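**Q**
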Amino acid sequence: MSKSEINAIAPVPGNYQLSDYEQTKAFFTWNDAAKELRYQKTGKLNAAYETIDRHVEEGYGDKIALHYVNGDERVSYTFHELKLKTDHYARILKENGVKKGDRVFVFLPKNPECYLSILAIIKIGAIAGPLFEAFMADAVKDRINDCSGTVLITNRDLVQRVPQEEIPSLHTILLSEDIEALPVKQEPNDALVEWVGEEDGLIIHYTSGSTGKPKGVLHAHRAVFHHYQSGKWVLDVNDEDVYWCTSHPGWVTGSVYGLFAPWLNRATIVIQGGRFKAEDWYKLIEELKITVWYSAPTAFRMLMSNGDAHKKYNLSSLRHVLSVGEPLNPEVITWALRNLNLRIHDTWWMTETGGHLIVNLPSEPIKPGSMGRPFPGIAVGILDEEGNELPPGQIGQLAVRTPWPGLMKEIWGNQDKYKEYFKYDGWYISGDLARMDEDGYVFFQGRSDDMINSSGERIGPFEVESKLIEHPAVAEAGVIGKPDSLRGEVVKAFITLRKGYAGTESLLEEIRQFVRKHLSAHAAPREIEVVEELPKTKISGKILRRKLKEREVEKAGSLYV
Ligand code: PRX
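The sequence shown begins at 1 in UniProt numbering and counts up one residue at a time.
1. What did DSSP end up calling S454 once you bin it into helix, strand or coil?
2. Please classify E194: does DSSP put it in a helix, a strand, or coil?
3. Where DSSP assigns a beta bridge to T150, which residues make up the other side?
4. Pop quiz: K141 and H248 are said to be a contact at Cβ under 8 Å. What is the actual Cβ separation, rounded to whole angstroms?
5. Per DSSP, what are the beta-bridge partners of E326 in this structure?
6. Going straight from the alpha carbon of K538 to that of I495, what length do you get?
7. Quick one: what's S520 bridged to in DSSP?
8. Between W349 and ligand 1, is there a pair consisting of the residue's CB and a ligand heavy atom that are separated by less than 7 Å?
9. In angstroms with no decimal places, state the Cα-to-Cα distance between K100 and L119.
10. Determine the DSSP secondary structure at G59, reduced to helix, strand or coil.
11. Measure the alpha-carbon distance for C147 versus G406 and round it to whole angstroms.
12. F444: beta carbon under 7 Å from a heavy atom of ligand 1?
13. In whole angstroms, give me the CA-to-CA distance for E410 and H219.
14. Throw me the rounded Cβ distance for the residue 569 and T207 pair, which I believe falls under 8 Å.
15. In whole angstroms, what is the alpha-carbon distance linking K63 and E389?
16. Please classify V321: does DSSP put it in a helix, a strand, or coil?
17. Assuming contact is defined by CB atoms lying nearer than 8 Å, are Y424 and G387 in contact in what I supplied?
18. Alpha carbon to alpha carbon, how far is R401 from R373? Give it in angstroms, no decimals.
19. So is the beta-carbon of D346 under 7 Å away from any non-hydrogen atom of ligand 1?
20. I'd like to check one pair, I285 with residue 585: are the Cβ atoms closer than 8 Å?
21. Using three-state DSSP, classify F107 as helix, strand or coil.
22. Output the boundary residues of the beta strand (DSSP E) element that contains E113.
23. In three-state DSSP terms, what is S506?
24. Can you give me the start and stop residues for the alpha helix (DSSP H) that S281 sits inside?
25. Is the region 458-470 touching the region 479-488, taking contact as three or more C-beta pairs under 8 Å?
26. Give the C-beta separation of E279 and P297 to the nearest angstrom, bearing in mind that I take them to be a contact with Cβ-Cβ under 8 Å.
27. Can you tell me whether DSSP reads T402 as helix, strand or coil?
28. At 4 residues or longer, and completely inside the region 355-394: list those alpha helix (DSSP H) runs for me, N to C.
29. How would you label E72, buried or exposed, when you count the other beta carbons within 10 angstroms and need 16 or more for buried?
What follows is the structure, encoded as structure tokens:
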């Protein structure tokens, strides 16, 4: 018996929707996933219909679909109300010229209008482009320009960060405060839903890599099979659950597991606006009797640092907790066991993969430190540099056998980038390094490139470096993820200064604010170090981020402290 097996945490006995992993894995094929969706009967589908309208048609119109909480504000909607609202939004979009396949962006805070907008866009066959609410002008502009977005739904506050004159394709901006009251020409319901094929575009998420600007990861409607099945088996939600995913729909977790997966399974979702505050989170669980909760290691670590705050609240409604986005350290799992009396179920996937690939299921043992085992229908390999599978225990490239329904359809306008993920025949290469044990449990070992992961958010060093050197004082910049005990990594910039500038505290703060103001708060370096010279490759003179990172990792003592 290996050491990790000794430490495995047994499942809590219960009536889970997937009760036996080995058995399910042996018989499940992705063709089974669409069985309960309308698609099975017609061969055509629409993700927004499957998510909302279907439940109304099947007699669940009066069921609460969402609770929204922001400070003292409380709003709830039934599936029927959501259908009417998304219909209204969809008509407004149509009347503004939106057609099947158009890219329509949503730049809103985590509020019901954000979710409604995404679904309305999808309902009429257009492609939704949700943007994270913290983005500033350049981040908004780059993304909409990249795929020539035509319409944007935003609000009075965020519209100030939209430089419309620099986005030539964007012909219409709709403000969420106005949409509700806008008049529409009446249209019969059946003309509204655009029935599409599996390969038609659904949603585009921009994500960062180690090089270049963020890339547009396009998903097709077929992804709903993956969303539905993983919602059922991994989130284990059904229509009795009150489910809370803490991610914003601008990130893939917030769209796939904040919106599609729970609603495809008819759960009631919770949307919480506002900033993180431990007491507010516990209060929300108690007040809404949340049963299933999906969050990220940084959030759990923030809760941990609040000591006994949870003791003041009744959290007994919680039955299933999940985590994603960054390594879930065993200390966090132990904390949850001791303090919440619950296991935290880690899950691994990526924007590009469109759904869970490696998971810890509620019915199966958890090995702390492991991300879990492959979802049924998914085969994972650990590959060497030539693309050969390595035996258990060895560290290599984490790869997944293609295809599966959630796998991205393309990188918008960049076929070369897309091909880079598939350099070995029949495999998707994640860019992560991992090892697998003899039981099939996968252990994360780091990234094979320079991508930064801070609080579970992917940050591309190139984007930050490009912004830094736009500041008049900065000559060159190298940006890395520095190990951090709370956030996993924090963005650290090494810069050289132009002649005539001194690296004073106030200048460094000004540079930091410059990135915050133009790009986004989460990508702004928390630390800036002025150096005489940056390490570079001898031949091409490229900045060696790896060297910068090595120094920081040595100082911290480990890659993930
Ligand atoms: O490095 C892995 C890390 O996050 C990357 C994917 O980031 P993103 O596309 O933003 O998607 C985040 C949520 C789906 C991966 O390549 N990552 C994701 N989940 C885990 C993780 N690292 C360790 N453990 C995880 N469970």
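From the three backbone atoms N, C-alpha and C, an ideal C-beta is built for every residue, glycine too. All figures in this text were calculated on a predicted structure; none of them were measured in a lab.
**A** To lay it out plainly:
1. strand
2. coil
3. Its beta-bridge partners do not exist; DSSP assigns none.
4. Contact doesn't hold; Cβ gap of about 19 Å is too wide.
5. None; E326 has no bridge partner.
6. 19 Å
7. F135
8. yes
9. 14 Å
10. helix
11. 21 Å
12. yes
13. 7 Å
14. Outside the displayed range of the chain (1 to 561) lies residue 569, so it cannot be described from this structure.
15. 48 Å
16. strand
17. yes
18. 14 Å
19. yes
20. Nothing can be reported for residue 585: it is not among the residues displayed for the chain, which extend from 1 to 561.
21. strand
22. Unbroken run through E113 is the alpha helix (DSSP H), 112-123; no beta strand (DSSP E).
23. helix
24. Contrary to the premise, residue 281 reads as Trp rather than Ser in this sequence. Start and end: 278-288.
25. yes
26. Not a contact, Cβ separation roughly 20 Å.
27. coil
28. none
29. Inspection of the sequence shows that residue 72 is occupied by Asp rather than by Glu. Its Cβ having fewer than 16 others within 10 Å, D72 is exposed.
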